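Residue numbers (our numbering): 38 to 220. A quick write-up on the structure given underneath.
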Amino acid sequence: MSRPEYLLLPATFGLWAMVMLLYIFCSRNACNFLNWWQTLFLGKNKRLIAARPMTRHTSIVTFMEINTMLWTCYLLLMNLYDPQLFGRESPVTFGVAFGALLSAPYVFRKQLHLQSWGANIRMGTATVIVFWIAVEAFNRTGIIGKLIAHPSEYPWHWVVMVIELCFLAGKIVKDARAKKEKK
């Protein structure tokens, strides 16, 4: 472990799991990530189990969402950087960072269509946190400079990049078709 906060974070995993269980099984929310998990775990019963939304003041909801996202991202990065799991130079670490870099503008595009201030602020902070995963990982590993200087030494990183770009292109085409069919 290279940073002091990484000594404390593994001890918080149980508390993080409890908070995530609360969000996944007990609340309706506008977070695409949590909605995806709810659909995955609950399927058609999603509306029954998460029938009562946790509606509170926007600032409290935003505070909890920011803390949960930051916590999740720190746990993710801590595990990615751990040399016994993946390590800093791993294609998996690069894939997560590059995926975050690609998804931040996609989330921002969705944010532009939001009307309310509360939802816009929450989506804006989520966009920045997702983008910062890429910035932090690229800065810590220095992988972008290495990829440009010595591309042949990192073939799996290039494969990951191409796969993620193809996935993003497919998602954009799928969304465009769905939008066209709605009209």
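Ideal Cβ placement from N, Cα and C applies to all residues, glycine included. Computed from a predicted model, the values in this text were never measured in an experiment.
Going by DSSP, what residue range makes up the alpha helix (DSSP H) through residue i?
| i | result |
| --- | --- |
| G136 | P128 to Q148 |
| A156 | W154 to T178 |
| R214 | P192 to K219 |
Would DSSP call residue i helix, strand or coil?
| i | result |
| --- | --- |
| A67 | coil |
| M38 | At M38, the pLDDT of 47 sits below 50, so the modelled position is not reliable and the matter cannot be decided from this model. |
| L122 | coil |
| L79 | helix |
| L184 | helix |
| G51 | helix |
| L59 | helix |
| L225 | The structure shown does not extend to residue 225, since the chain spans only 38 to 220, so no value can be given for it. |
| L45 | helix |
| L241 | What is shown of the chain runs 38 to 220, which leaves residue 241 out entirely. |
| L85 | helix |
Since residue i and residue j are thought to touch, with beta carbons under 8 Å apart, how far apart are those beta carbons, to the nearest angstrom?
| i | j | result |
| --- | --- | --- |
| L184 | Y191 | 6 Å |
| V129 | V144 | Wrong, their Cβ atoms sit about 22 Å apart, outside the cutoff. |
| I61 | F50 | With a Cβ gap of about 16 Å, I61 and F50 do not count as contacting. |
| M115 | L46 | 5 Å |
Q. Counting Cβ pairs, one atom from each stretch, are 3 or more of them under 8 Å apart for the stretch 132-140 and the stretch 166-179?
A. Output reads yes: the stretch 166-179 touches the stretch 132-140.
Q) Are the stretch 149-163 and the stretch 98-106 touching, with three or more C-beta to C-beta distances below 8 Å? A) Of all C-beta pairs linking the stretch 149-163 to the stretch 98-106, three or more are shorter than 8 Å, placing the two stretches in contact.
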